[in-house]
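In UniProt numbering, the protein residues as written are 1 to 161.
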């Protein structure tokens, strides 16, 4: 069983117009799974819907409590890319003894040319093979929580050298 926690971000097709709100989305993580005809057991739980730049320590504490309460040992977190590495580091330091993968997209999940389905599929596949720890799955790569940063110039995640 994979427990999926959603937190908002472009992977869910949420376009953050300003500090006061988001546009409505017509796509869900469930839609991506239905379109891919997946055959594994999962549950999806919305934790919050925020632009990741607005995620704070209280939000991360809520997310951690949801992970700790879950009976699942495999956790997927959909997350905005702006602060994805911050959340990965926050969770990684806690050594929760579960396999946790964070994933997002750079192009709105509701856009025709979105990277969301690829990133989501890659993350789900990786989640099933990785040992317990915290990872980011983006750009066709897996990054360990304590060795990743987002390059704002290339819009890609990279290993710290």
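All C-beta atoms, glycine included, are put in the ideal place defined by N, C-alpha and C.
Would you list the residues sitting across from residue i in a DSSP beta bridge?
{"i": "residue 143", "result": "136"}
{"i": "residue 149", "result": "158"}
{"i": "residue 45", "result": "5"}
{"i": "residue 75", "result": "3, 100"}
Using a Cβ-Cβ cut-off of 8 Å (strictly less than) and excluding sequence neighbours within five positions of residue i, which residues of its own chain qualify?
{"i": "residue 36", "result": "117, 121"}
Identify which residue in the options has its Cα closest to the Cα of residue i.
{"i": "residue 9", "options": "70, 53, 132, 31", "result": "53"}
{"i": "residue 66", "options": "160, 151, 149, 4", "result": "4"}
{"i": "residue 139", "options": "7, 123, 64, 93", "result": "123"}
{"i": "residue 55", "options": "34, 7, 135, 38", "result": "7"}
{"i": "residue 157", "options": "130, 81, 34", "result": "81"}
{"i": "residue 141", "options": "78, 101, 108, 153", "result": "101"}
{"i": "residue 87", "options": "112, 108, 107, 58", "result": "58"}
{"i": "residue 76", "options": "34, 155, 51, 126", "result": "126"}
So, for residue i: in the same chain, excluding its five sequence neighbours on each side, which residues have a beta-carbon less than 7 Å away from its beta-carbon?
{"i": "residue 105", "result": "10, 11, 114, 115, 116, 119"}
{"i": "residue 85", "result": "136, 148, 149, 150"}
{"i": "residue 96", "result": "67, 68"}
{"i": "residue 64", "result": "91, 94"}
{"i": "residue 155", "result": "106"}
Can you grab the Cα-Cα spacing for the pair residue i / residue j, in whole Å?
{"i": "residue 89", "j": "residue 133", "result": "11 Å"}
{"i": "residue 30", "j": "residue 98", "result": "23 Å"}
{"i": "residue 83", "j": "residue 128", "result": "24 Å"}
{"i": "residue 196", "j": "residue 110", "result": "Outside the modelled stretch of the chain, which goes from 1 to 161, sits residue 196, for which no answer is possible."}
{"i": "residue 46", "j": "residue 70", "result": "13 Å"}
{"i": "residue 34", "j": "residue 62", "result": "28 Å"}
{"i": "residue 92", "j": "residue 79", "result": "15 Å"}
{"i": "residue 38", "j": "residue 108", "result": "22 Å"}
{"i": "residue 43", "j": "residue 60", "result": "20 Å"}
Kindly list the residues whose CB is nearer than 6 Å to the CB of residue i, restricted to its own chain and excluding five residues on each side of it in sequence; keep chain order.
{"i": "residue 1", "result": "41, 72"}
{"i": "residue 160", "result": "147, 149"}
{"i": "residue 130", "result": "99"}
{"i": "residue 153", "result": "none"}
{"i": "residue 74", "result": "2, 99, 127"}
Indicate whether at least one CB of chain B lies closer than 7 Å to the CB of residue i.
{"i": "residue 45", "result": "Annotation note: the requested chain B is absent from the structure, which comprises a single protein chain."}
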